[in-house]
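30 is the number of the first residue of the sequence shown in this note's numbering; add one for each residue after it.
Heads up, the beta-carbon is just placed ideally off N, CA and C, and yes, glycines get one too.
Take a look at the structure below.
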Amino acid sequence: MEKRGLHVSKVTALDHLKRLIQEKAIKWGADLVGFADISRFTRYHIDHRPPNKAKTTIVLALWIEDPILDLWLHPPSWKVQGKPDRAFEDEVLRGVSLRLSLLLEREGYWANPAEYEPGLYLKEAGVLAGLGVIGKNNLLITKAYGPRIRLRALNTDALLEPDLIHQGLNYCHNCRKCIDACPANALDGGAYNKEACRSYCEDHLKKVSEYSVLWCMACSTVCPIGKSSHSQLGDE
Ligand code: SF4
Ligand code: SF4
């Protein structure tokens with residue numbers, strides 16, 4: 030029997046591998062895992078697609094259960110370098126993506142964590158991997174955690190069954206809580222003003238220690254979808 034051009038025993042092995050990846054990703058620290066066929070990325074510039082050898086992009090999400098998980102470490106030079114330094118939750122997801130890559134390699138496949146710059150558009154990759162949809166706050170909204178997540182991806186040449194894209198799903202409807210909550214008016218008019226957002230955020234960093242800060246999270250904190258930060262289990 031053939032399925033997507035693969036013999037059935039190979040399909041069974043790949044189904045098993047997908048389940049193993051889901052199980053290990055959660056065990057190692059991710060909260061959501063999604064799978065996208067790389068043909069879903071053809072609409073993007075080549076710099077923002079998975080490499081040619083990849084067949085599947087795996088997208089990982091980590092719930093920001095407490096805002097402290099979104100802590101950024103900024104050495105004194107971060108503005109000169111033109112970009113912030115490391116965020117704590119990204120280090121967690123980087124570790125998970127590296128361990129999953131090693132797992133895939135042990136199973137005989139090529140795998141690598143996705144590059145950041147240039148690299149995949151992670152929110153869009155989350156949509157393509159079935160994790161959620163983009164909301165009015167320009168963030169990926171997931172059913173379980175709303176926009177209070179951080180994302181990371183890895184690519185592999187294992188042809189894993191893609192997850193369904195949530196076509197037509199809309200969490201926002203008439204809600205405009207994020208638009209009203211934005212102190213920079215960066216979400217007004219139905220489009221995300223990246224410059225206004227970034228400028229406000231950089232001018233209003235919440236200092237936690239000498240080199241660690243929290244960025245503005247107003248548009249994700251206020252979103253009513255999914256578990257909020259600081260929430261108890263069962264209040265979804
Ligand atoms: S706050 Fe409301 S409008 Fe904004 S992303 Fe969440 S559901 Fe959509
Ligand atoms: S992060 Fe803050 S400034 Fe940027 S869009 Fe969200 S609420 Fe507005």
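Limits of the unbroken alpha helix (DSSP H) element including residue i
| i | result |
| --- | --- |
| Val251 | Taken as a continuous stretch (DSSP letters only), Val251 belongs to no alpha helix (DSSP H), as it is neither H nor E. |
| Glu231 | 223-232 |
| Glu153 | 151-157 |
| Ala210 | 206-210 |
Whole-number beta carbon distance between residue j and residue i, since they are thought to touch under 8 Å
| i | j | result |
| --- | --- | --- |
| Ile178 | Ala90 | 4 Å |
| Gly155 | Gly63 | 7 Å |
| Pro147 | His77 | 6 Å |
| Asp99 | Ala116 | 6 Å |
Residue i, buried or exposed, once every other Cβ within 10 Å from all chains shown has been counted against 16
| i | result |
| --- | --- |
| Lys47 | buried |
| Leu193 | exposed |
| Leu133 | buried |
| Leu122 | buried |
| Pro212 | exposed |
| Thr86 | buried |
| Ala158 | buried |
Counterpart residues of residue i in DSSP-defined beta bridges
| i | result |
| --- | --- |
| Trp139 | Its beta-bridge partners do not exist; DSSP assigns none. |
| Val162 | Ile170 |
| Ser241 | Leu102 |
| Gly218 | Beta-bridge pairing links Gly218 to no other residue. |
Residue interval of the beta strand (DSSP E) (run including residue i)
| i | result |
| --- | --- |
| Arg181 | 178-185 |
Contiguous beta strand (DSSP E) assignments of at least 3 residues, all confined to the region 36-118: 61-66, 85-92
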